[in-house]
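Start counting the sequence shown at 3; every next residue gets the next number (my numbering).
Quick reminder that beta carbons are idealized off the backbone N, C-alpha and C, glycines included.
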Amino acid sequence: MRTSKTVKWAVAVLVAVMMAWAASVSVPVTRATTDPDALWRIVHGECVPNLQQHGDPAPCAAVDLADGSAVLKDLVGDNQFLLIPTARVSGIESPELLAPGAPNYFAAAWRAKTFVDERAGWTLPRDWVSLAINSAFARSQSQFHVHVDCVRADVRAALGEHAAAIGPDWKPFPVPLAGHEYDAIAVGGETLDAVNPFVTLADGVAGARDDMAARTLVAVGTVSADGAPGFVLLTDRADASTGNLAEGEELQDHAYCPPVPGK
């Protein structure tokens, strides 16, 4: 059995290798490629002060100071929004995400679905909506953010086809999604308020707590055969040997959301 020290050493090596490799390739762009602090500057320097001084969170769509989060329309896609903490949080590897009493940013991100609905022109079915945070190697920004947008149609179809294989424990998903192998777990509930996906990942997947930087985490809304609402959580791990950056955002479609019925 590997000791914690050995695991942490291995993770440190992986981080160094992946960072060097990621720097040499083109990585997905969220809002800016030249300023990794762009999101932090927008939220901390514009949205929060504007709300406090003028009652208007612009350029953000919303700022909830009690909840500690802001919602910002991303430049990519017609319907994509970002859920961003108002506190300085770097990313999925940040230890404060697993601290007792930590804000549940995934729950806040699901509430931001209403902004995606508004842009799409109707209340989207929950199984068309997804939340994604990329690994430390697949992000362009140094401020934590959750992508809120429609899930890819092929991913939605695969989740529906293999729903019976997704249970209350983390297991490999039967087929690749966007060309990558994911682990999946099913959680119940209309919202994610009672489930913190970061804790579910860290405590449920062997070794995950020690290598969160290499992890991506995605939540997709579901509806069971008996109509009960829930979510599928998906995770993948970065792998320098295969060039996998662990970019859960790949499961989203920033160009398409289902049209308003009848139109």
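How is the beta strand (DSSP E) around residue i delimited, first residue to last?
i, result
"F117", "Here F117 belongs to no beta strand (DSSP E); instead the alpha helix (DSSP H) covers 115–122."
"G168", "Looking at the sequence provided, one finds Ile at residue 168 rather than Gly. Taken as a continuous stretch (DSSP letters only), I168 belongs to no beta strand (DSSP E), as it is neither H nor E."
"I86", "83–87"
"T282", "Residue 282 cannot be examined here, being either before or after the span of the chain that is shown, 3 to 265."
"I187", "185–190"
"I135", "131–135"
Which residues in the same chain have their Cβ closer than 7 angstroms to the Cβ of residue i, if we skip the five residues on either side of it in sequence?
i, result
"R4", "Confidence at R4 is low in this model, with a pLDDT of 38, below 50, so its placement is unreliable and no value can be given for it."
"E98", "V91, A104"
"T125", "D119"
Which residue wins for smallest C-alpha separation from residue i, given the options the options?
i, options, result
"H256", "P59, T116, G70, D151", "D151"
"Q254", "L203, A230, L126, V157", "V157"
"L203", "R217, P178, G47", "R217"
"V262", "G123, E249, D212", "G123"
"A240", "D228, C259, Y107, D213", "D213"
"D76", "G93, E95, L41", "L41"
"A242", "P51, F139, N106, L179", "F139"
Shorter than 9 angstroms from the beta carbon of residue i to some beta carbon of chain D?
i, result
"F117", "You won't find chain D in this structure, because it holds only one protein chain."
Between residue i and the rest of its own chain, which residues show a CB-CB distance below 8 angstroms, the 5 nearest in sequence each way excluded?
i, result
"V201", "L100"
"D185", "W172, K173, P174, F175, V207, L236, T237, D238"
"G191", "V197, P231, G232, F233"
"D39", "Q143, S144, Q145"
Might you give, ordered along the chain, the residues of its own chain that have their beta carbon closer than 6 angstroms to the beta carbon of residue i, omitting 5 neighbours on each side?
i, result
"V197", "V189"
"S226", "none"
"E251", "A134, N136, H149"
"C49", "P59, C62, V65, A72"
Which of helix, strand or coil does DSSP assign to residue i?
i, result
"H56", "helix"
"T224", "strand"
"I44", "helix"
"A24", "Per-residue confidence for A24 stands at a pLDDT of 40, beneath the threshold of 50, marking its modelled position as unreliable; the derived number appears in the next sentence. Helix at A24."
"A242", "coil"
"G70", "coil"
"T202", "helix"
"G250", "helix"
"G264", "coil"
"C152", "strand"
"P174", "strand"
"R217", "strand"
"L126", "coil"
"V207", "coil"
"A101", "coil"
Considering residue i, what are the terminal residues of the alpha helix (DSSP H) in which it resides?
i, result
"V157", "155–163"
Stretch pair the stretch 72–85 + the stretch 107–125: three plus CB contacts closer than 8 angstroms: Contact between the stretch 72–85 and the stretch 107–125 is present, because at least three Cβ pairs lie under 8 angstroms.
Check whether the stretch 214–230 and the stretch 124–138 are in contact - that is, three or more C-beta pairs closer than 8 angstroms. yes
Below 8 angstroms, how does it come out for the stretch 161–171 and the stretch 46–63: are there three or more Cβ pairs, yes or no? no
Does the stretch 165–182 come into contact with the stretch 66–82, if we say contact requires no fewer than three beta-carbon pairs (one atom in each stretch) closer than 8 angstroms? no
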